[in-house]
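Visitor:
Residue numbers (my numbering): 718 to 1031.
#1: So what does DSSP say about residue 791, is it helix, strand or coil?
#2: What do you get for residue 806, buried or exposed, if any count of 16 or more other CB atoms within 10 angstroms of its CB means buried?
#3: In three-state terms, what does DSSP make of residue 775?
#4: Just confirm the distance between the C-beta atoms of residue 871 and residue 843, as a whole number of angstroms; I'd bet it's less than 8 Å.
#5: Does the segment 815-824 come within contact of the segment 769-784, defined as at least 3 CB pairs closer than 8 Å?
#6: Could you check the C-alpha separation between residue 886 and residue 749 for me, to the nearest Å?
#7: Using 8 Å as the threshold, is the C-beta distance between residue 813 and residue 767 below it?
#8: Judging by CA-CA distance, which residue of 1018, 921, 867, 770 is the nearest neighbour of residue 1033?
#9: Which of the three DSSP states is assigned to residue 942 in this structure?
#10: Report the residue from 765, 725, 770, 759 whose alpha carbon sits nearest the alpha carbon of residue 739.
#11: For residue 1009, which residues of its own chain have a beta-carbon under 6 Å away from its beta-carbon, when the five flanking residues on both sides are left out?
#12: With 16 other CB atoms within 10 Å as the buried threshold, where does residue 911 fall?
#13: Can you list, in chain order, the residues of its chain with a C-beta nearer than 6 Å to that of residue 991? Leave out the 5 residues immediately preceding and following it.
#14: Have a look at 734, 994, 935, 977 and flag the residue whose alpha-carbon is nearest the alpha-carbon of residue 965.
#15: Return the chain-ordered ranges of every alpha helix (DSSP H) run that is complete within the segment 984-1026 and spans a minimum of 4 residues.
#16: Give me, in chain order, the residues of the same chain whose beta-carbon lies closer than 6 Å to that of residue 902; leave out the 5 immediate sequence neighbours on both sides.
#17: So, with DSSP's three-state summary, where would you put residue 829?
#18: For the pair the segment 959-973 and the segment 992-1008, tell me if three or more CB-CB distances fall below 8 Å.
#19: State the start and end residues of the unbroken beta strand (DSSP E) segment that holds residue 973.
#20: On the CB-based measure, 16 or more other CB atoms within 10 Å of its CB, does residue 988 come out buried or exposed?
#21: Determine the closest residue to residue 765 out of 826, 984, 1024, 721, with distance taken between C-alpha atoms.
#22: By the 10 Å Cβ neighbour count, where 16 or more other Cβ atoms means buried, how is residue 941 classified, buried or exposed?
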């Protein structure tokens, strides 16, 4: 089946890199606004009978990027696309996959329902905050992992006597995967979240004294979790040459200022979202591209091949 690849406004550079890896041009689509601020989308080439992939992470501002994705899907569906796949390297609202208190929405389920109504038959996402997110979708979810690409980037310069550290309980399985791939011991930081950007650390499980920590998580948002974990590790005798690795480098709010105060040797993130210029200028940042991974995923989906070795089972 003929394949078409389009992007919205959230990360066009990543979409261009995916198209280049597939050896095909990126589809021509226009996203603009009417004078009153309403979003306007128009395709400038045919998609009739095509297998269409829309590359659009729903990074901040999540609402705008999500709605652009929905409008692109509707345009493709009405123009006769045979099938639609949402390629969402970063899936906004994934952390709201359950009600923490009684009078709250399950936003992740609402977003999944909106994608289904828009006409998507499949979603591709990278390293979701919670593997159980699959349960909110009525359509197939291909949960792909960028861990192998990040591990390969770290392996070239592993600190001596290193230890992989989960920044919180939710990253435990992630840290176990890292430790297995790097053949290193693992440790866990126990935290209590006070608010969206305030975290208190209670304890550490595992031996970190005299070791160089490799702190791993699925994302860096405000940096609160990583800063609290790093300070706790240093207090416990860890060496002040910390490596941080996460798939999604959102780096919002005061994240750059907070991380710049730490003795960080390297910070590794992927290009699922656009890295803020201030982060690239002030932090020892390495950006690992997931374009080859996404291109291979799209190629296999289009040709009906297995994705088993690309998926996250953590």
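Even for Gly, the Cβ is constructed at its ideal location relative to N, Cα and C. In this text the structure is predicted, and so the values were computed from the model without any measurement.
Guide: Taking the geometry as given:
#1: Three-state DSSP puts residue 791 in a helix.
#2: buried
#3: coil
#4: With a Cβ gap of about 17 Å, residue 871 and residue 843 do not count as contacting.
#5: no
#6: 42 Å
#7: no
#8: With the chain covering only 718 through 1031, there is no way to say anything about residue 1033.
#9: helix
#10: 770
#11: If we look at residue 1009 and ignore the five residues flanking it on each side, its Cβ neighbours are 738.
#12: Caution is warranted here: a pLDDT of 49 is assigned to residue 911, below 50, making its placement in the model unreliable, and the coordinate value is therefore given only provisionally. Classification of residue 911: exposed, given that the 10 Å Cβ count is below 16.
#13: 728
#14: 935
#15: The segment 984-1026 contains these whole alpha helix (DSSP H) runs: 994-999, 1008-1020.
#16: Excluding five sequence positions before and after residue 902, the CB atoms of its chain that fall closer than 6 Å to its own CB belong to 880, given in chain order.
#17: Per DSSP, reduced to three states, the secondary structure at residue 829 is helical.
#18: With the cut-off at 8 Å, the segment 959-973 and the segment 992-1008 touch.
#19: Taken as a continuous stretch (DSSP letters only), residue 973 belongs to no beta strand (DSSP E), being part of the alpha helix (DSSP H) at 972-977.
#20: buried
#21: 721
#22: buried
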